[in-house]
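>
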Amino acid sequence: MYSDQYNTIENPTSLPSSTYFQEYYLQDENRVQKLLDILFDPHQSLPEIIQKYLTILKSYLSGRQSFEGFCKELQKYDNSILCGCVWTNSTISYRCRTCAINPCMSLCSDCFYAGNHDKHDANMFRSIGGGVCDCGDIEVMNSNGFCKSHGPNRIPNESIPLKLIQSSQIILPRLLLRYYIVFFLVSITAECCICQSKDDQNPLGLVVRLSDSGVLGIREVSSTPDNYLPLSIDDNNKSSLNDPLICCQFNLKRNGKEYLSTEKQIEESNRTCAQFYEEKIRTMLEMFTEESVSESMTISWRTGIIITSCGHSMHLSCYKEYFKSHTKKTASENDPHIEFKCPMCRQKSNGLIYIPQIDTQIESNENLIETISNLIEKNIKICIFPLIAEWLTNFIEKIYLMVNKNYRTIDKQIKQPSDDILALFLTSILRFNLENDILIRDTPFIDSTIINRKSCFRELFYICNLKYPYLLNHSHILLWHRIATGHMNTKLNNNEQTVPLLLSDSVVLLLRIMLSLPYLITRELYRVIVQVLFNLTYIQALFTIISEMNKTEQEIWSRISVDKNKNNMSEYLRMISSKLFQSNFNSNIDNTKISSLESINALIRERCGNFIKIAALIQHYLYQSITWWIPDHHLHFDHLSKNLIKELKLYNNDEPYWFSNDSLLIINNWLDEVLTVDKQQSILKIIHAIPVFHSPQFIELPTCYSDLFRSCNHRRCSYCQELIIEPILCLICGIVYSQE
1 MYSDQYNTIE
11 NPTSLPSSTY
21 FQEYYLQDEN
31 RVQKLLDILF
41 DPHQSLPEII
51 QKYLTILKSY
61 LSGRQSFEGF
71 CKELQKYDNS
81 ILCGCVWTNS
91 TISYRCRTCA
101 INPCMSLCSD
111 CFYAGNHDKH
121 DANMFRSIGG
131 GVCDCGDIEV
141 MNSNGFCKSH
151 GPNRIPNESI
161 PLKLIQSSQI
171 ILPRLLLRYY
181 IVFFLVSITA
191 ECCICQSKDD
201 QNPLGLVVRL
211 SDSGVLGIRE
221 VSSTPDNYLP
231 LSIDDNNKSS
241 LNDPLICCQF
251 NLKRNGKEYL
261 STEKQIEESN
271 RTCAQFYEEK
281 IRTMLEMFTE
291 ESVSESMTIS
301 WRTGIIITSC
311 GHSMHLSCYK
321 EYFKSHTKKT
331 ASENDPHIEF
341 KCPMCRQKSN
351 GLIYIPQIDT
361 QIESNENLIE
371 TISNLIEKNI
381 KICIFPLIAE
391 WLTNFIEKIY
401 LMVNKNYRTI
411 DKQIKQPSDD
421 ILALFLTSIL
431 RFNLENDILI
441 RDTPFIDSTI
451 INRKSCFREL
461 FYICNLKYPY
471 LLNHSHILLW
481 HRIATGHMNT
491 KLNNNEQTVP
501 LLLSDSVVLL
511 LRIMLSLPYL
521 ITRELYRVIV
531 QVLFNLTYIQ
541 ALFTIISEMN
551 KTEQEIWSRI
561 SVDKNKNNMS
571 EYLRMISSKL
581 FQSNFNSNID
591 NTKISSLESI
601 NALIRERCGN
611 FIKIAALIQH
621 YLYQSITWWI
631 PDHHLHFDHL
641 SKNLIKELKL
651 YNNDEPYWFS
661 NDSLLIINNW
671 LDEVLTVDKQ
681 QSILKIIHAI
691 PVFHSPQFIE
701 LPTCYSDLFR
711 SCNHRRCSYC
721 QELIIEPILC
731 LICGIVYSQE
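Position 734, counted from 1, in the sequence shown is what the UniProt record's numbering calls 734; the numbers after and before it change by one each time, with no gaps.
1. Can you find the residues in the same chain that come closer than 8 Å, C-beta to C-beta, to LEU210, ignoring five residues on each side of it along the sequence?
2. Within 8 Å, do at least three Cβ pairs link the segment 201-221 to the segment 687-695?
3. State the Cα-Cα distance for the pair PRO125 and SER159, rounded to the nearest angstrom.
4. Which whole-angstrom value is the C-beta distance of TYR60 and SER167, which I expect to be below 8 Å?
5. For SER663, report the span of its alpha helix (DSSP H) as first-last.
6. Buried or exposed: where does PHE611 fall if 16 or more other Cβ atoms within 10 Å of its Cβ makes it buried?
7. Could you check where the alpha helix (DSSP H) with TYR621 kicks off and where it finishes?
8. Alpha carbon to alpha carbon, how far is ILE477 from LEU517?
9. Relative to the C-alpha of VAL86, which residue among LEU57, MET105, ASN79, GLY130 is closest?
10. Rank LEU671, LEU502, THR393 by C-alpha distance to the C-alpha of residue 741 and give the top, closest one.
11. By DSSP, does GLN721 sit in helix, in strand, or in coil?
12. With a cut-off of 8 Å on the beta carbons, I'd call SER93 and SER149 a contact; round off their distance for me.
13. Does GLN540 pass the burial test, meaning 16 or more other C-beta atoms within 10 Å, or should it be called exposed?
14. For GLU278, which residues from the same chain have a beta carbon less than 8 Å from its beta carbon, with the 5 sequence-adjacent residues on both sides left out?
15. If I measure Cβ to Cβ from ILE686 and keep anything under 8 Å in the same chain, skipping five residues before and after, which residues do I get?
16. Identify the continuous alpha helix (DSSP H) that holds PHE457 and give its terminal residues.
17. Look at the Cβ atom of residue 742, then the Cβ atom of ILE483, and state whether they are nearer than 7 Å.
18. Please give the ranges of any beta strand (DSSP E) in the segment 111-192, keeping only runs that are unbroken, at least 3 residues long and fully inside the region.
19. With a floor of 3 residues, list each beta strand (DSSP E) that falls wholly inside the segment 412-449, ordered by position along the chain.
20. Roughly how far, in whole angstroms, is the beta-carbon of SER309 from the beta-carbon of LYS454, given that I think they are within contact range, below 8 Å?
21. Within 10 Å of its beta-carbon, does ASN89 have 16 or more other beta-carbons around it, so buried, or fewer, so exposed?
22. Does CYS310 come out as helix, strand or coil in the three-state DSSP assignment?
23. Take CYS83 as the anchor and find which of MET344, SER106, SER62, PHE288 has the nearest alpha-carbon.
24. From what residue to what residue does the beta strand (DSSP E) around ASP212 run?
25. Is ILE382 buried or exposed, if buried means 16 or more other CB atoms sit within 10 Å of its CB?
26. Just to confirm, is the Cβ distance from VAL207 to HIS315 under 7 Å?
27. Of the residues ALA689, GLU295, CYS345, which one's Cα is nearest the Cα of CYS608?
28. Figure out for me which residue from ILE614, ASN436, TYR623 has the closest Cα to the Cα of CYS273.
29. Using the beta-carbon count (16 or more within 10 Å), is GLN554 buried or exposed?
30. Could you check what DSSP says for CYS273 in three-state terms: helix, strand or coil?
31. Of the choices PHE340, SER547, VAL293, whose alpha-carbon is the least far from that of SER428?
32. Of the residues HIS120, ASP121, CYS135, LYS119, which one's Cα is nearest the Cα of SER109?
33. Taking buried to mean at least 16 other C-beta atoms within 10 Å of its own C-beta, is LYS467 buried or exposed?
34. According to DSSP, which residues form a beta bridge with PHE693?
35. Would ARG408 be called buried (16 or more neighbouring beta carbons within 10 Å of its own) or exposed?
36. If you draw a straight line from the C-alpha of ALA100 to the C-alpha of ASP118, how long is it?
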C-alpha cells in the first residue's frame, strides 16, 4: 500500500503523512534519507524550507501525538544536572538567600517548590530582564536547596525509549547540518575590525595567513598505509620497512657497501604527485618549446602557497598603522617572515589581501561563443587606482618570494622573473589553492581548525585577473578557437613544437581562459567556457583509454555500429579507435581485454572527475555557493560528480555538447595535432591518465611514546653501529640514530 506513496516523493507537494513516515520510511535508511534529501534540498533557501515543511517536520518528529505532547513527554526523561530553565520576559521567579552562594541566584517556580526551602530567607519577585534557573549548580547555591530532579544527587529518570526519539535521531542531524551550511557560508558585509567603518572610498582587505605547504606534492598513488613507527618498548610493532638501514634522510655506507636511499627504490605505484608532474614536464620539454609547455601545465607541486583568512578585514591605512605598531620599525610589509596577530581574533597572520568591489557584470549577446571570443581578442586591461595597484603588486611579489626558488619556474637556471614566468606562477598558485581545497573536502575527519579557515580564492583570483593581461605576449584567441570551434586555419603545424590540446592540462586551459577575460563575466558565459573545456576533457579521457589498448582491441572498437544521426560516446569511440589503429598508436602489451561500453563510460567519468571538481569550486567562489559540498562531509564519487555536474548546469549532463556543427572535425583536428608529432614513444609516456593521489596520513605513534627513548638503551646506531648515548628518532621511518 505504501509503494505508490513512495513513488510520488519526487514531487515535494505530495510528501508522506506522519503515519506513512513512521511505519514505512523509518524502516529503511536509504528510503528515509532520500526523503530528507527532498525536504532539505540545498537549492532551496532555508526560510522557504521552514515555511513549507515546518508542520510536516513536527509531525514526523512527534509521531502519532501532538508536537506539544511530544515535547512534554521528552521532558520526563531529562537527566541533566542543571535545570537551565530560561525566561526572557516578565516572569515570577524565586530567590533563597539561605541557600544562595551567589546573591544573584534565581529559581523557577517548579524547582523552588520541589526544593527544601521551608523557613528559609526566601522571596518571590518578578524578573523583568529575564533569567535562568540555577537549581543544580553547586557554584551558585547550596546543594541542600536543590530539587530532587537536579544536582549531583538527583534521582535519575528512566532511560528514554528508543522508539520515542527514533525520528529525531535521523531528522535533527540533517536539520542542524542545513543550518550549519547556511551560517557557515553566509556573506556578511565586510567592515574594518579596527575602526568599524565601511567607508567604500578606503580600500578594504582580508587579514590572511600565507603558508608554505608541500602536502599536495607528497600524495602517493599507492593507498597502502605506512604510517606507524617500527620502534616501541616491546618491539611488537612491525615495520613495513624490511631493511632497517634504509632511511628517508641518509645514503648509508657501511663495510664498503652502499645502501641506496628510498628515493631510488620508489616503485611506479609509489610515485608522488610532485614526481608525476615533474616527470611529465621533463618529457614534454624534450618535444615542445618551453613557452608552449608553460602554457599547458602548472608547476609548484612540490611546494606552494596556501592563502586562508580568519574572515576579519581592515582598511589598508589601518593595516599600515597597525603593522607599524606591532612589528619592528625596520620590518617590511612584504617580508613573508614578519607575522602579526589579527586585531579581532588574535590568530597569526602575515598579509592583507584586497577585497574586490565588483557589482556589475559584462553583458553578452545571443552568440555566447562570439562574445567570449571578442573579449579574449580585446585583451582588456582594467585600470585601477595607483594605491591599489601598488598593493596588489607587492602582494604578488610577497607570494613569489615565499615559494622555494627551485620551484618558481620550469627552468631552474632562470633567476629573474619574466612575464611568461609570472603568468605561469599565477596560474600555478590558483591551481594549488584549488587542489588544496579539494584535498580538504575529500579528507574525512579533518581538523576543525583547518575547516574554519576561510578560503581567499575569490580575492586571489581577482588579483591574478588584474595582473594577467599585462603579462601576455599574445592573446589566447587562437587557443580558444582551437578548443571551441576547431577551425581548419587554427590547426597546428608540427614544426611549431606546440603542445597538442589532447596533451594539455584542461584545468590549466580553463584558468588561463578565465584570467584572460575581464573580471567578472556572467555565470552564463562561465557555463559555456566550462562546457567547451569539458568537451576537451571528455575526449582526452577517451583518447587515453583507447591509447592504452593494444592493436587488437582498437581494431574491434573501430568496427562497432553507431547511430550516425547523433553524436554519442560510441561514435567518438569508433572514430578515435579507427584513427589510432591506422596510425599504429597503441600499447605494446599483447593482452587482449575487451571492455564494455559501461566500463569505458565509468573510466571517462573517473578521469573527468578532477576537472569537474575544479570547475565547480571556481563557480562556488566566483558565482554561487554550493551549500551542500562542505569539508568533512564525505560523499561517494559518483554521487558527488553527478551533483556537481548538476550545479554547473552543463548542457548535456555528463556528455559533450558542441557549439559547432561538425564536432567530429574538431576531434579529428585534435587527434592530428598528436599524431603528427615525431616522437610517438615519448608521447605514449605522458598520455596516461592522471592517477588518483591518496591523502597523506599521520604517523600512528605507539601508546608508550613518552617512554619511547628508554627503549634505545643498549641499542646501536643504524649508521655507525656505536652504542647510542643521545638518541635521535626519525618520525618518518622510525629509525634510531645517535646525535653524534
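Cβ atoms here follow ideal geometry from the backbone N, Cα and C, with glycine treated the same way.
Taking the geometry as given:
1. ILE305, ILE306, ILE307, PRO336, ASN350, GLY351, LYS398, ILE399, MET402
2. yes
3. For clarity, residue 125 is Phe in the given sequence; the question names Pro instead. If I take the Cα positions, the gap works out to 36 Å.
4. 5 Å
5. 663-675
6. buried
7. 597-622
8. 11 Å
9. GLY130
10. The question about residue 741 has no answer here: the residues shown for the chain are numbered 1 through 740.
11. coil
12. Contact doesn't hold; Cβ gap of about 17 Å is too wide.
13. buried
14. TRP301, ARG302
15. LYS280, THR283, MET284, LEU503
16. 457-471
17. The first residue shown for the chain is 1 and the last is 740, placing residue 742 beyond what the model contains.
18. 122-127
19. none
20. 4 Å
21. exposed
22. strand
23. SER106
24. 204-213
25. exposed
26. no
27. ALA689
28. ASN436
29. buried
30. helix
31. VAL293
32. CYS135
33. buried
34. Paired residue(s): none; PHE693 is not in a bridge.
35. buried
36. 14 Å
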